[in-house]
Structures are given as C-alpha cells and as structure tokens.
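Position one of the sequence shown corresponds to residue 1 (full-length UniProt numbering), numbered consecutively onward. For every residue, glycine included, the Cβ atom is placed at its ideal position computed from N, Cα and C.
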Amino acid sequence: MIPNLAQIFLIGFYEEREFALYVSSISKELKVPVRYLKEDKPHGSAGGLYYFRNLITEELPSHIFLLNCDVCCNFPLPEMLVAHRRYGGMGTLLVIKVSAESANQFGELVADPVTKELLHYTEKPETFVSDLINCGVYVFTPEIFSAIQDVSLNREDRATLPHFSSFEALQLATRSLPTDFVRLDQDILSPLAGKKKLYTYETMDFWEQIKTPAMSLKCSALYLAQFQYTTAHLLASRDGTKNATIVGDVYIHPSAKVHSTAKIGPNVSISANVRVAAGARLISCIILDDVEIKENAVVMHAIVGWKSSIGKWSRVQVIQKIGEESSIQVISLELTHSFDLFPKIIS
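Structure, rendered in structure tokens:
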C-alpha cells in the first residue's frame, strides 16, 4: 500500500452507474475514497488527467500515480515512489526489458544506465530502438499539469501561425488535434526525454498488457501465483477434508457455494454468489458473480459472465486449431447442452 494515499480516481467513458457497485466495494476494502470520473469527450491519456486537474489536486497531493487500465503487473508503487524522490524529477516510468522481436509493439525507450534518466522515447517504432519498454505505470509531481498545459498552449500558438516551418509541416497530424487532446507518450514523454525531467524504474517481475479476453486468463494465473507469496490466505485450501478438491492456485469468494464433490483448478477464480454443483469440473477459468454451474458440468479456458447458467452435463471447452493463437470462451447465456467449441467468442 502507498503511504498516505489520499484518493483514487478512475477516469473513463462508461456511464458512472456501471461502476457504482465496484467503486463502493473497493473504497470500503481499501479504506480510501474512490471516485469514478466520466470524460465528456476524448481528451487523450494526458488530456484526461488535465481535464480533471482541480478534482485530482484538491487534496494538494505531493505525488500522483497514473496507471493504465490494461496493465497486469505487481505494481511496485512504494518502490517507485522511493526511487522517484531520489531522482528528483517530474516523473518516473515503470519499465521492463522484453525480447527485441516484441519491443516494437510498445513504447520503446533509452535510459541512462547510471542515473536512470529517460534519454529517448518513441511509441511503437517501425525500427528497433531498445528492448526497454514503457509499462504504462507512472508517478508524477503536480508539475505534470503544467507540462500538459504547455502542450495545449503551444498547439494553439501553432494553429494561429499563417506560415510554418518544414519541421512543423511534418507535425500536421499533431497540429490537427484539438488543443485539449494531449497524449502522454507522444506529447509529454517524447519531448521531455533527455531534459532531466523524467526517469525510469525497471521491474524484474511479471508484466503483461491485457488486450484480449485470453490475456485475462493468463493474467489471472499470474496474480493467483503471486498470492502464494503475498496473500496466501486468499487461496482456497487444498486439504480436501471438507471442501471441494482443489488443484493448483484457486480463489473462491467467501459467498460462493461449491459442492464438496466438485474439482476446481488450476487457475480458477470464482466470484461472489456463484453456485457450483456436485461433480462439476473447472479448469483455467474466471467465473463472475451470480453464475450457476450445475451438476457434472465442465468449464475449461473460459470466462463465464454475470448471472449465466451452465446446465447439467454441459461442457464448455476450446478446441485449439493448429497454428492459431490461444483463445478462450466468453459465455453470457444459459448453456443447457454440451459444447466442444472451436475458438470464438459467445456473447
């Protein structure tokens, strides 16, 4: 936990009511005020932060953490904060080394090996720059708001110029953007690299980007494995004396009811108010709230949506075709018969 954490804000485009229960629940769990902020229009990854600057700074924070929503890692925020204070810059990025073949899928960067200063940053380059990439986790001082404001003001100034240089001609795409649309990577990180404003903190732990449903299952497995070392009490007991048979890492919400003859795991997460009947078998799946899995049903490599029902003797299983990327099933319906499914999504 971050020391002296004052507030948590979630910024997005969805309606506030869709997050109401989650915000209330997580606020009670963390004992920190949590609030959802809905953007009126796209402002960009940095512009959205600036748009809500008055709310974000009302407690006069000394530092601000910014976390992308599609990131899976152990979030070493306290360690980042210590390093950030030592560097003395405006911001610190969490970074990780990846294979040279996959680096161009992310923001590549060059950092000073001694001072850790960010020297160069480019988003998804066509040619290889570095195997060090941006993880999408940051800590900033409130100075970040001035940097975002400068981008908007400079864009306004360029828009009023009757003539512009050849260099500015290369920036036509940027010039056409609204003045309040500011991207963190291209508009903040790239221009400020090498100016002793930004620094890096490298993680040696796991990191993944969640871009597909299949990645959700992979990330769930990573977190369940981490629980062994951080919060082992959250994992289901494997003693087999009075509960279901547990294989590997499994999380079962306290309100869920799982029959003693069911077999669960590995890599299974069972959410609130789920009912798992006798003889059911669950492998590598996420079962969301209020799902009913009836007698002798089998669910493998799937995400079962809220309030769904899997009927007796039903089977949900992906059959992987040779040469295809890994896939899963996303179920949000009542399933009453066997399904041996080729990779696709049901919704």
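By the C-beta criterion, the stretch 250 to 257 is judged to be in contact with the stretch 267 to 275, since at least 3 inter-stretch pairs fall below 8 Å. By the neighbour-count criterion, in which 16 or more other beta carbons inside 10 Å mark a residue as buried, residue 306 falls on the exposed side. Restricting attention to alpha helix (DSSP H) runs no shorter than 4 residues, the stretch 32 to 83 encloses them at 47 to 51, 53 to 56, ordered along the chain. Short of 7 Å from the beta carbon of residue 83, and not among the five residues preceding or following it, lie these beta carbons of its own chain, in chain order: 92, 201.
Excluding residues up to 5 positions away in sequence, 182, 187 lie with their Cβ nearer than 6 Å to the Cβ of residue 151 in the same chain. Between the alpha carbons of residue 260 and residue 243 lies a gap of roughly 5 Å. The beta carbons of residue 293 and residue 280 sit about 5 Å from each other, so the pair counts as a contact at 8 Å. Taken atom to atom, the span from the alpha-carbon of residue 206 to that of residue 11 is near 25 Å. With a 10 Å radius around the Cβ and a threshold of 16 neighbouring Cβ atoms, residue 282 comes out buried.
Between residue 2 and residue 94, the CB-CB gap reaches or exceeds 9 Å. Per DSSP, the unbroken alpha helix (DSSP H) holding residue 227 starts and ends at 213 to 230.
Taking 9 Å as the cut-off, the beta carbon of residue 318 is found no closer than this to the beta carbon of residue 304. Taking a 10 Å sphere around the C-beta of residue 51, we find 16 or more other C-beta atoms and assign the residue as buried. Between residue 63 and the set 25, 107, 4, the nearest pair of CA atoms involves 4.
By the beta-carbon neighbour count (other beta carbons within 10 angstroms, threshold 16), residue 233 is exposed. With fewer than 16 neighbouring CB atoms inside 10 Å of its own CB, residue 21 falls in the exposed class. Around the C-beta of residue 137, 16 or more other C-beta atoms lie within 10 Å, and the residue is accordingly described as buried. Here residue 217 really is in contact with residue 286; their C-beta atoms are around 7 Å apart, less than 8 Å. Residue 120 sits in a strand when the DSSP states are folded into three classes. Per DSSP, the beta bridge partners of residue 133 are 96, 108. Setting aside the 5 residues that flank it on each side, residue 277 is surrounded in the same chain by 259, 293, 294, 295, each with a C-beta closer than 7 Å to its C-beta; the list follows chain order. Rounded to whole angstroms, the gap between the alpha carbons of residue 237 and residue 38 is 40 Å. The residue among 121, 47, 29, 32 with its C-alpha nearest the C-alpha of residue 153 is 47.
Contact annotation, residue 111 with residue 133: C-beta distance approximately 11 Å; criterion of less than 8 Å not satisfied.
Distance check between residue 45 and each of 229, 144, 203, 54 places 144 closest, using alpha-carbon atoms only.
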